[in-house]
C-alpha cells in the first residue's frame, strides 16, 4: 500500500455535517489528489448484500437507512469484535485510497477507528471533530433515537480529547473560514 501524505479523520454526531463538510473539502482539494473514505460504506454494502437490501439507499440520509440502522449497527459490532480494524481496512481498499496522497475519512465513530489511522500513518494523521448544537442538528432533520444516539457509534468519541481540529458547524461561519485549518493541511501536503 502506498502511504498517504495526509489523512484527515473526521468524527461527529449524526446531522453534525460530516458528509457535507468532507464533500466540500474534497471539491476544494486539487483535482485527483484526495479521496473520501467512508468507513460506514463497506459496512453498509456488506450488510445490504447479506440482508437483501438496497445498498445505495443505505448511503443517503433517508428514512430507509434509519429503518435498518439499529440492526446494521449490531451486525457491524459483531464484525468488529472479530477484527476491530476490519471496516477501516475494507474502506481503504474499497475507495482505492492508495492511489491518492490525501485521505479524508468522513465518519470515524470509535477509538479503534482513530487508532488504526494514527498507528498506521503516524505524523500524517489529523483528527478533526465536527460539533453542532442539538438545535442546529434538529433543523437538519435529527431527532434523538434511543438505541441509536446513546450507543457506541454515536458516543464512543464524546470524551476523546486529542482532537487536532475542532470545527463548530452551527452554520454561523462561512465554510471556507470554518474549513481553513483543514484546507491549509491539504495545501501543505500537495506542495
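In my numbering, the protein residues as written are 5 to 195.
Ideal Cβ positions, reconstructed from N, Cα and C, are used throughout, including at glycine.
Nothing here was measured: the structure is a model prediction, and the numbers come from that model.
**Asked** With 8 Å set as the bound, which would you pick, yes or no: does the beta-carbon of residue 188 sit closer than that to a beta-carbon of chain D?
**Response** Looking at the structure shown, chain D is missing, and only one protein chain is on hand.
Exercise. Helix, strand or coil for residue 122 per DSSP?
Worked result: It is helical.
DSSP beta-bridge partners of residue 78:
Residue 78 is not bridged to any residue.
*Which value, in whole angstroms, describes the spacing of the CA atoms of residue 148 and residue 158?*
The alpha-carbon atoms of residue 148 and residue 158 are separated by roughly 11 Å.
query: Which full runs of the beta strand (DSSP E) of 3+ residues lie inside the segment 87 to 120, going along the chain?
result: Segments of the beta strand (DSSP E) lying fully in the segment 87 to 120: 106 to 109.
* Grouping DSSP H, G and I as helix and E and B as strand, with all else coil, what is residue 15? -> Here residue 15 sits in strand by DSSP.
Exercise for review: Find out if the Cβ-Cβ distance for the pair residue 166, residue 14 is shorter than 8 Å.
Suggested key: No. Outside cutoff.
Enclosing beta strand (DSSP E) for residue 240 [first to last residue]: Outside the displayed range of the chain (5 to 195) lies residue 240, so it cannot be described from this structure.
Could you say which of 108, 89, 153 lies nearest to residue 28 if we only look at CA atoms? It is 108.
Under the three-state DSSP convention, the category residue 4 falls into: Given that the chain is displayed from residue 5 to residue 195, the structure contains no residue 4 and the question cannot be resolved.
Quiz item: By Cβ distance, which residues of its chain are closer than 6 Å to residue 9, with the 5 residues on each side in sequence left out?
Solution: 105, 193, listed in sequence order.
Next item on the list: Determine the extent of the beta strand (DSSP E) in which residue 33 is found, giving its start and end residues.
Entry: Run containing residue 33: none; DSSP gives neither H nor E here.
### Query
residue 137: which of 122, 176, 182 sits nearest, CA to CA?
Comparing Cα-Cα distances from residue 137 to each of 122, 176, 182, the minimum goes to 176.
* Asked: residue 37: beta carbon under 7 Å from a heavy atom of the ligand COA?
  -> Here there are no bound small molecules, and the ligand COA is not part of this structure.
So, is residue 87 buried or exposed, given that buried needs 16 or more other C-beta atoms within 10 angstroms?
It is exposed - the Cβ of residue 87 has fewer than 16 other Cβ atoms within 10 Å.
(message) What would DSSP say about residue 41, mapped onto helix, strand or coil?
(response) DSSP places residue 41 in strand when its eight states are reduced to three.
Do you know offhand how far residue 53's Cα is from residue 152's? One alpha carbon belongs to residue 53, the other to residue 152, and they sit about 22 Å apart.
(request) Check each candidate in 76, 179, 43, 40 and name the one with the smallest Cα separation from residue 57. (result) Ranked by Cα distance from residue 57, the first of 76, 179, 43, 40 is 76.
Checklist entry - With a CB to CB cut of under 6 Å and the five nearest residues on each side skipped, what residues in its chain are close to residue 49? => result Taken in chain order, the residues that qualify are 59.
TODO: Verify whether the separation of the beta carbon atoms of residue 11 and residue 128 is less than 8 Å.
DONE: Cβ atoms of residue 11 and residue 128: closer than 8 Å.
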